[in-house]
Amino acid sequence: MSADRIIDELKEMGISITSEEANIFERYREEILEVNRFLNLTSIRDSGEFVTKHITDSAFLCSLEEVAGKVIDVGTGGGFPGVAVAVLKPECELTLLDSTGKKLRAVEKIFSELGLKASFLTARAEDIGRRDYRERFDTVISRAVADLPKLAEYCIPLLSAGGYMLAMKGPSYGEELERSMSAINILGGKLAGCKEYMLGDGSGRCIIKIRKIKDTPETYPRSGNLIKNKPL
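So that you can map any letter, position 170 of the sequence shown is 172 in this note's numbering, and since no number is skipped, the others follow by simple counting.
Set out below in structure tokens:
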């Protein structure tokens, strides 16, 4: 049973969750894979691989104390890692952001069916970072969205002073991080650490922590095309 596997894998990572929480994750897996027959929410269809690479990976993020307050998941896709915040840290004020309305509506429907609380926003991060949502969040989380120099420009403008950007990356993050240091500084951030961990399949992961220490200059974020073609 996938719920038992979720509990066991997280226990190996030093994290305890309840059977009720594991069952919610299992129901979420079932619903996502059902919708995935008609709408591409994930390329992972194997139950065990889904648990390891989506659920336990996302749940590990919630073991960090920096996940608190107003949280936005940038580029949530199939709801990861945001769903873990909804399940394990329901006290957080969670927003899921994605530019693809069909995907986000599907995730919103599943959240509603499972009684999970979140707000849903169909938009691009570089657009909301210039207006209504600028410097509104305590924590910005993101996984598998963009190279770190680009991701920093999407995410840091959304943070209030003292908040954290948490970027979930694979084991070969060193060179990418090095290339992003100038962008992080320009945007008002400072590297606060890298949390390395192992998933149940033995693959390595890292959560890069960036703390916002000063206001982002008004000229950022730039347009999506500039961010993609001329990263800081």
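Beta carbons are placed, not taken as given, at the ideal position from N, Cα and C, and that holds for glycine.
The structure displayed is predicted, hence computed values, not measured ones.
Same chain, Cβ closer than 6 Å to residue i, neighbours up to 5 away in sequence not counted
i	result
Ala120	Ala88, Leu96, Leu98 and Phe113
Ser65	Ile17
Pro151	Arg181, Ser182, Ala185, Pro233 and Leu234
Leu106	Asp100, Phe122 and Thr124
Glu198	Cys208
Thr54	Leu201, Gly202 and Asp203
Phe27	Ile8 and Ile57
Arg213	Tyr166, Lys192 and Ala194
Sheet register partners of residue i (DSSP bridge)
i	result
Asp75	Leu98 and Ile143
Ala169	Ser144 and Ile210
Thr124	Asp100
Tyr199	Arg207
Leu161	Phe139
Gly81	None, per the DSSP bridge assignment.
Gly191	Lys214
Straight-line gap, residue i to residue j (C-alpha atoms, nearest Å)
i	j	result
Asp48	Lys216	44 Å
Thr78	Glu23	20 Å
Val73	Arg126	16 Å
Glu115	Val142	25 Å
Leu35	Ser45	10 Å
Phe52	Asp203	11 Å
Asn231	Arg132	19 Å
Ser21	Gly226	42 Å
Glu110	Leu179	33 Å
CB contact flag (residue i, residue j, <9 Å)
i	j	result
Leu161	Gly191	yes
Cys157	Ala146	no
Leu189	Tyr222	yes
Thr218	Pro173	no
Ser4	Arg31	yes
Ser60	Pro83	yes
Close-in-space but distant-in-sequence residues of the same chain around residue i (CB under 8 Å, 5 per side omitted)
i	result
Ala108	Val37, Leu41 and Leu43
Lys104	Leu41
Glu33	Ile112, Glu115 and Leu116
Ser144	Asp75, Val76, Gly77, Leu153, Tyr156, Cys157, Met167, Leu168, Ala169 and Met170
Glu11	Val53, Thr54, Thr58, Leu201 and Gly202
Any non-hydrogen atom of the ligand SAM closer than 8 Å to residue i Cβ
i	result
Ile8	With respect to small molecules bound, the structure shown includes none, and the ligand SAM cannot be examined in it.
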